[in-house]
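The block underneath contains the structure these notes are about, expressed in C-alpha coordinates.
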Amino acid sequence: MKKTSFFACLLSVSMMYTSCASDDSDFDPTTVDEETQTVTFEGSYFDALIDAPQYGGQLLYGENAKNYSWTDAATQLCGFMSNTWGGTYGFAEGGSAISNYIDANINEPRDYNIQLAVPFSNGSKNFVVVFDNSSLMFADKQARVIKSMDVIGTTYALAVCKNGDGNDYAKALTQKGDFYDVIVTGFKAGEKTGDVTISIAKDGGFLTDWFKADMTPLGAVDSLAFSMDGSDKSNQSLKTPKYFAFDNVVIKK
(Lines of atoms letter the chains of each structure in order from A and count residues from 1; the text may use other names and numbers.)
(Lines give C-alpha, C1' and ligand atoms only; values in the text may rest on other atoms or scores of the structure.)
Protein backbone atom coordinates (compact mmCIF):
# COMPACT_ATOMS: atom_id res chain seq x y z
CA MET A 1 0.00 0.00 0.00
CA LYS A 2 1.33 3.38 -1.02
CA LYS A 3 0.28 6.65 0.63
CA THR A 4 0.93 10.13 -0.70
CA SER A 5 -0.15 13.47 0.80
CA PHE A 6 -1.08 16.54 -1.25
CA PHE A 7 -2.34 20.08 -0.64
CA ALA A 8 -5.57 20.74 -2.53
CA CYS A 9 -6.47 24.46 -2.56
CA LEU A 10 -8.18 24.71 0.84
CA LEU A 11 -6.94 21.88 3.04
CA SER A 12 -4.64 18.89 2.88
CA VAL A 13 -6.25 15.61 1.90
CA SER A 14 -4.68 12.24 1.24
CA MET A 15 -4.56 9.51 -1.36
CA MET A 16 -4.30 5.79 -0.76
CA TYR A 17 -2.98 3.40 -3.40
CA THR A 18 -3.66 -0.32 -3.21
CA SER A 19 -2.36 -2.48 -6.03
CA CYS A 20 -1.36 -5.96 -7.09
CA ALA A 21 1.28 -4.34 -9.30
CA SER A 22 4.80 -3.46 -8.22
CA ASP A 23 5.31 -0.18 -6.40
CA ASP A 24 6.89 2.49 -8.64
CA SER A 25 8.79 4.36 -5.93
CA ASP A 26 10.64 6.46 -8.51
CA PHE A 27 7.47 7.97 -9.94
CA ASP A 28 7.86 11.63 -10.92
CA PRO A 29 4.51 13.03 -12.11
CA THR A 30 6.19 15.99 -13.82
CA THR A 31 8.31 13.84 -16.13
CA VAL A 32 7.07 13.35 -19.69
CA ASP A 33 9.58 12.17 -22.28
CA GLU A 34 9.90 10.52 -25.66
CA GLU A 35 8.73 7.24 -24.14
CA THR A 36 5.25 8.60 -23.38
CA GLN A 37 2.25 10.04 -25.18
CA THR A 38 -0.22 12.42 -23.54
CA VAL A 39 -3.92 12.39 -24.37
CA THR A 40 -4.99 16.04 -24.08
CA PHE A 41 -8.48 15.79 -25.63
CA GLU A 42 -7.77 18.84 -27.77
CA GLY A 43 -8.63 19.46 -31.44
CA SER A 44 -11.70 19.58 -33.68
CA TYR A 45 -12.51 15.87 -33.25
CA PHE A 46 -12.95 16.25 -29.48
CA ASP A 47 -14.52 19.74 -29.79
CA ALA A 48 -17.37 18.19 -31.79
CA LEU A 49 -18.16 15.83 -28.88
CA ILE A 50 -18.96 18.61 -26.36
CA ASP A 51 -22.69 18.75 -25.72
CA ALA A 52 -24.85 21.84 -25.21
CA PRO A 53 -26.64 22.35 -22.94
CA GLN A 54 -24.73 20.48 -20.26
CA TYR A 55 -27.82 18.51 -19.25
CA GLY A 56 -30.32 17.24 -21.81
CA GLY A 57 -28.25 17.90 -24.94
CA GLN A 58 -28.70 15.79 -28.06
CA LEU A 59 -25.24 14.20 -27.90
CA LEU A 60 -25.49 12.81 -24.38
CA TYR A 61 -29.27 12.49 -23.99
CA GLY A 62 -30.73 12.30 -27.48
CA GLU A 63 -31.84 9.26 -29.42
CA ASN A 64 -28.27 8.34 -30.38
CA ALA A 65 -26.69 8.97 -26.96
CA LYS A 66 -26.06 5.26 -26.38
CA ASN A 67 -23.57 5.37 -29.27
CA TYR A 68 -21.60 8.35 -27.91
CA SER A 69 -17.90 7.48 -27.74
CA TRP A 70 -14.45 8.91 -28.35
CA THR A 71 -11.09 7.37 -29.27
CA ASP A 72 -7.69 9.03 -29.19
CA ALA A 73 -6.04 8.12 -32.49
CA ALA A 74 -2.47 8.08 -31.18
CA THR A 75 -2.98 5.89 -28.09
CA GLN A 76 -6.30 4.15 -28.87
CA LEU A 77 -7.65 5.24 -25.47
CA CYS A 78 -11.44 5.04 -25.78
CA GLY A 79 -14.35 6.28 -23.67
CA PHE A 80 -18.08 5.62 -24.07
CA MET A 81 -21.48 5.50 -22.39
CA SER A 82 -22.09 2.78 -19.82
CA ASN A 83 -25.62 1.99 -21.10
CA THR A 84 -26.40 0.44 -17.72
CA TRP A 85 -30.15 0.34 -18.43
CA GLY A 86 -29.90 -0.14 -22.17
CA GLY A 87 -28.92 3.39 -23.14
CA THR A 88 -32.36 4.98 -23.00
CA TYR A 89 -31.20 7.65 -20.55
CA GLY A 90 -27.79 8.37 -22.09
CA PHE A 91 -25.21 9.98 -19.79
CA ALA A 92 -27.58 9.56 -16.82
CA GLU A 93 -26.65 5.86 -16.94
CA GLY A 94 -22.93 6.64 -16.59
CA GLY A 95 -20.12 7.29 -19.02
CA SER A 96 -17.22 9.52 -20.04
CA ALA A 97 -18.08 12.79 -21.79
CA ILE A 98 -15.82 15.40 -23.41
CA SER A 99 -16.28 18.87 -21.89
CA ASN A 100 -14.86 22.39 -21.80
CA TYR A 101 -17.22 24.00 -19.28
CA ILE A 102 -15.76 26.08 -16.43
CA ASP A 103 -17.88 27.25 -13.48
CA ALA A 104 -16.01 28.43 -10.39
CA ASN A 105 -18.98 28.70 -8.02
CA ILE A 106 -18.65 25.84 -5.54
CA ASN A 107 -19.62 27.92 -2.49
CA GLU A 108 -23.35 27.27 -2.67
CA PRO A 109 -25.53 24.27 -3.57
CA ARG A 110 -25.58 23.50 -7.32
CA ASP A 111 -27.43 20.93 -9.41
CA TYR A 112 -27.08 18.59 -12.40
CA ASN A 113 -27.64 21.40 -14.91
CA ILE A 114 -23.91 22.20 -14.58
CA GLN A 115 -22.84 18.55 -14.54
CA LEU A 116 -20.09 18.96 -17.18
CA ALA A 117 -18.29 21.87 -15.48
CA VAL A 118 -15.12 22.00 -13.40
CA PRO A 119 -14.18 24.94 -11.15
CA PHE A 120 -10.82 25.77 -12.73
CA SER A 121 -9.00 25.39 -16.03
CA ASN A 122 -5.71 23.54 -16.02
CA GLY A 123 -4.47 25.63 -18.92
CA SER A 124 -5.97 23.50 -21.67
CA LYS A 125 -9.41 23.67 -23.23
CA ASN A 126 -10.97 20.21 -23.09
CA PHE A 127 -11.16 17.44 -20.49
CA VAL A 128 -13.33 14.40 -19.67
CA VAL A 129 -16.17 14.31 -17.13
CA VAL A 130 -17.06 10.89 -15.71
CA PHE A 131 -20.46 10.13 -14.23
CA ASP A 132 -21.20 7.09 -12.08
CA ASN A 133 -19.65 3.71 -12.82
CA SER A 134 -17.82 4.00 -16.11
CA SER A 135 -15.02 2.42 -18.10
CA LEU A 136 -12.21 3.24 -20.49
CA MET A 137 -10.44 0.79 -22.77
CA PHE A 138 -7.76 0.67 -25.42
CA ALA A 139 -9.62 0.14 -28.67
CA ASP A 140 -6.89 -2.09 -30.09
CA LYS A 141 -7.07 -4.29 -26.94
CA GLN A 142 -3.33 -3.88 -26.32
CA ALA A 143 -2.20 -3.42 -22.72
CA ARG A 144 -0.32 -0.24 -21.85
CA VAL A 145 1.02 1.42 -18.71
CA ILE A 146 -0.86 4.61 -17.83
CA LYS A 147 1.69 6.74 -16.02
CA SER A 148 -0.59 9.49 -14.70
CA MET A 149 -3.74 11.50 -15.22
CA ASP A 150 -4.80 14.92 -13.98
CA VAL A 151 -7.92 14.73 -11.78
CA ILE A 152 -10.32 17.25 -10.22
CA GLY A 153 -13.78 17.22 -8.64
CA THR A 154 -16.51 18.70 -10.83
CA THR A 155 -18.26 21.93 -9.86
CA TYR A 156 -21.51 20.11 -9.07
CA ALA A 157 -19.90 17.38 -6.98
CA LEU A 158 -17.64 19.79 -5.08
CA ALA A 159 -20.49 22.23 -4.39
CA VAL A 160 -22.50 19.41 -2.82
CA CYS A 161 -19.47 18.15 -0.90
CA LYS A 162 -18.96 21.62 0.56
CA ASN A 163 -22.58 22.76 1.06
CA GLY A 164 -24.94 19.83 0.71
CA ASP A 165 -27.48 19.77 -2.11
CA GLY A 166 -29.89 22.27 -0.56
CA ASN A 167 -32.70 19.68 -0.51
CA ASP A 168 -31.77 17.74 2.64
CA TYR A 169 -30.76 14.72 0.57
CA ALA A 170 -26.98 14.87 0.13
CA LYS A 171 -25.16 16.40 3.08
CA ALA A 172 -22.02 18.54 3.21
CA LEU A 173 -18.85 16.48 3.79
CA THR A 174 -17.21 18.88 6.21
CA GLN A 175 -16.65 16.73 9.28
CA LYS A 176 -13.83 14.44 10.33
CA GLY A 177 -14.52 11.02 8.85
CA ASP A 178 -16.45 12.38 5.87
CA PHE A 179 -15.08 11.34 2.49
CA TYR A 180 -15.81 11.02 -1.21
CA ASP A 181 -13.42 8.86 -3.25
CA VAL A 182 -12.91 7.91 -6.86
CA ILE A 183 -11.63 4.35 -7.31
CA VAL A 184 -9.74 3.56 -10.52
CA THR A 185 -9.44 -0.19 -11.17
CA GLY A 186 -7.13 -1.62 -13.80
CA PHE A 187 -7.76 -4.78 -15.83
CA LYS A 188 -5.68 -6.87 -18.20
CA ALA A 189 -7.24 -9.75 -20.12
CA GLY A 190 -10.17 -9.65 -17.73
CA GLU A 191 -8.03 -9.91 -14.60
CA LYS A 192 -7.84 -7.10 -12.06
CA THR A 193 -4.37 -5.54 -11.81
CA GLY A 194 -4.98 -3.15 -8.92
CA ASP A 195 -6.78 -0.08 -7.58
CA VAL A 196 -5.91 3.59 -7.20
CA THR A 197 -8.16 5.57 -4.86
CA ILE A 198 -8.28 9.36 -5.21
CA SER A 199 -9.85 11.50 -2.48
CA ILE A 200 -12.11 14.26 -3.83
CA ALA A 201 -13.24 15.11 -0.28
CA LYS A 202 -11.75 13.98 3.02
CA ASP A 203 -12.21 15.26 6.60
CA GLY A 204 -13.38 18.68 5.36
CA GLY A 205 -10.72 19.07 2.64
CA PHE A 206 -11.62 19.19 -1.04
CA LEU A 207 -9.77 18.52 -4.29
CA THR A 208 -10.67 21.85 -5.90
CA ASP A 209 -7.67 22.14 -8.20
CA TRP A 210 -6.15 19.75 -10.72
CA PHE A 211 -3.97 17.03 -9.22
CA LYS A 212 -1.63 14.72 -11.13
CA ALA A 213 -2.43 11.21 -9.88
CA ASP A 214 0.04 8.35 -10.19
CA MET A 215 -1.51 5.48 -12.15
CA THR A 216 1.61 3.29 -12.35
CA PRO A 217 0.51 1.01 -9.45
CA LEU A 218 -2.04 -0.44 -11.88
CA GLY A 219 0.69 -1.83 -14.13
CA ALA A 220 -0.05 -2.60 -17.78
CA VAL A 221 -3.80 -2.47 -18.43
CA ASP A 222 -6.11 -2.86 -21.40
CA SER A 223 -9.05 -1.22 -19.60
CA LEU A 224 -9.95 0.90 -16.59
CA ALA A 225 -13.11 1.01 -14.50
CA PHE A 226 -14.18 4.04 -12.44
CA SER A 227 -16.38 3.85 -9.37
CA MET A 228 -17.15 6.16 -6.46
CA ASP A 229 -17.49 5.65 -2.73
CA GLY A 230 -18.25 7.99 0.14
CA SER A 231 -19.48 8.43 3.67
CA ASP A 232 -22.93 9.83 2.78
CA LYS A 233 -25.01 6.78 1.89
CA SER A 234 -28.53 5.44 2.15
CA ASN A 235 -28.99 1.66 1.91
CA GLN A 236 -25.46 1.42 0.45
CA SER A 237 -26.37 3.93 -2.27
CA LEU A 238 -24.09 6.98 -2.46
CA LYS A 239 -25.92 10.29 -2.03
CA THR A 240 -23.03 12.54 -3.12
CA PRO A 241 -23.25 13.23 -6.89
CA LYS A 242 -20.98 10.70 -8.59
CA TYR A 243 -18.89 12.94 -10.84
CA PHE A 244 -15.22 13.76 -11.37
CA ALA A 245 -13.06 14.95 -14.26
CA PHE A 246 -9.72 13.94 -15.74
CA ASP A 247 -7.30 15.26 -18.36
CA ASN A 248 -3.74 14.83 -19.68
CA VAL A 249 -3.54 11.04 -19.55
CA VAL A 250 0.15 10.13 -19.86
CA ILE A 251 0.65 6.70 -21.42
CA LYS A 252 3.87 4.79 -21.93
CA LYS A 253 4.41 3.79 -25.56
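So my numbering is basically just the index in the sequence shown, starting at one, shifted up by 764. Yeah, the Cβ is synthetic: ideal placement off N, Cα and C, and Gly gets one too. Computed from a predicted structure; not experimentally measured.
Y933 is classed as exposed because its beta carbon has fewer than 16 other beta carbons within 10 Å across all chains shown. Rounded to the nearest whole angstrom, the CA to CA distance from A861 to Q939 is 31 angstroms.
According to DSSP, residue pairing for F891 in a beta bridge involves S863.
One thing to note: S863 has its Cβ no nearer than 9 angstroms to the Cβ of F902.
For D811, the number of other beta carbons within 10 angstroms of its own is below 16, and it is reported as exposed.
N877 counts as exposed, since fewer than 16 other beta carbons sit within 10 angstroms of its beta carbon. In the pairwise beta carbon analysis, the segment 922-930 is classified as touching the segment 962-975: at least three pairs are separated by under 8 angstroms. Of the residues L982, S995, D942 and L813, the one whose Cα lies closest to the Cα of V960 is L982. CA-to-CA, the gap between S912 and G958 works out to about 15 angstroms. With a cutoff of 9 angstroms on beta-carbon distance, L824 and F844 are scored as not near each other.
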